[in-house]
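**Student:** Residue numbers (the UniProt record's numbering): 1 to 263. Note that the Cβ used here is the ideal one computed from N, Cα and C, for glycine as well. Since we're looking at a predicted model, the values are computed, not measured.
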């Protein structure tokens, strides 16, 4: 009887553990298209339940979620303007309620419009800093209070910061701020087991990069890296997957330039 009881107890304990096991949960901001959508796909393949954040592209976000669910993953579309602190708090609360506490945060949302500093309007300045800097600040602050210990945070900088090209002063200033957040925040989370890193992509073939450029400009950018091509969204998604995965457990407070050797 004791023998059978011990087996029965072991079975129920194992069953309960399997029932309570949950997927790791990731929030990817700006994930309705481009690099963000590819990151969502990759993290879902890697076993994450993925919250697809969007600001206005509901149709595209819903399509990504449907795609991930059809492939057997757990996914959720969450509308939030990352520049709005209340929206960010609601986003985390929604994700926690429907998917579980957050294990990975990927701050992919961003805007870019290349304009000379002297020609930059107040509105463009506010929008660029609002999304790129305040948006990252809002999600980091919320993650500090709510993210699981042992989590992973990946911010987005840009290789344009190293190139100092005319027209990119305001955008570069926002990415310099993001890199500063990354280096300091990694140290402020001491004792939590949370890593904070940044990815700095080179030119990647997405609408964010391609819109507003001539074919000649695109061809010029394509030839700049020694690898002589534009990056693809999956090039960046692979780097993010590494940084949020088990193999990057000793990488913290770093900026990884994924740019084909352009800088």
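#1: May I have the straight-line CA-CA distance separating residue 194 from residue 225, to the nearest angstrom?
#2: Would the beta-carbon of residue 35 fall within 8 Å of that of residue 237?
#3: Identify whether residue 155 lies in helix, strand or coil by the three-state DSSP scheme.
#4: Compute the Euclidean distance between the alpha carbons of residue 132 and residue 176, then round it to the nearest angstrom.
#5: By the 10 Å Cβ neighbour count, where 16 or more other Cβ atoms means buried, how is residue 212 classified, buried or exposed?
#6: For the alpha helix (DSSP H) containing residue 240, list its first residue and its last residue.
#7: Could you tell me which residues DSSP pairs with residue 54 in its beta bridges?
#8: Taking the alpha carbon of residue 254 as the reference point, which residue from 227, 92, 197 has its own alpha carbon closest?
#9: Leaving aside the five residues before and after residue 127 along the sequence, list all residues of the same chain whose C-beta is less than 8 Å from its C-beta, in chain order.
#10: Compute the beta-carbon to beta-carbon distance between residue 40 and residue 50, rounded to the nearest angstrom, for a pair I have assumed lies under 8 Å.
#11: Counting only runs that start and end within the segment 63-107, where is the alpha helix (DSSP H) found for 4 or more residues in a row?
**Tutor:** Working from what's here:
#1: 33 Å
#2: Closer than 8 Å, so yes.
#3: strand
#4: Roughly 10 Å separates the two Cα atoms.
#5: exposed
#6: First-last of the alpha helix (DSSP H) with residue 240: 233-244.
#7: 79
#8: 197
#9: Spatial neighbours of residue 127 in its own chain (CB-CB distance under 8 Å, excluding positions within 5 residues in sequence) are listed in chain order as 111.
#10: 5 Å
#11: Counting whole runs of 4 or more residues, the segment 63-107 contains the alpha helix (DSSP H) stretches 85-98.
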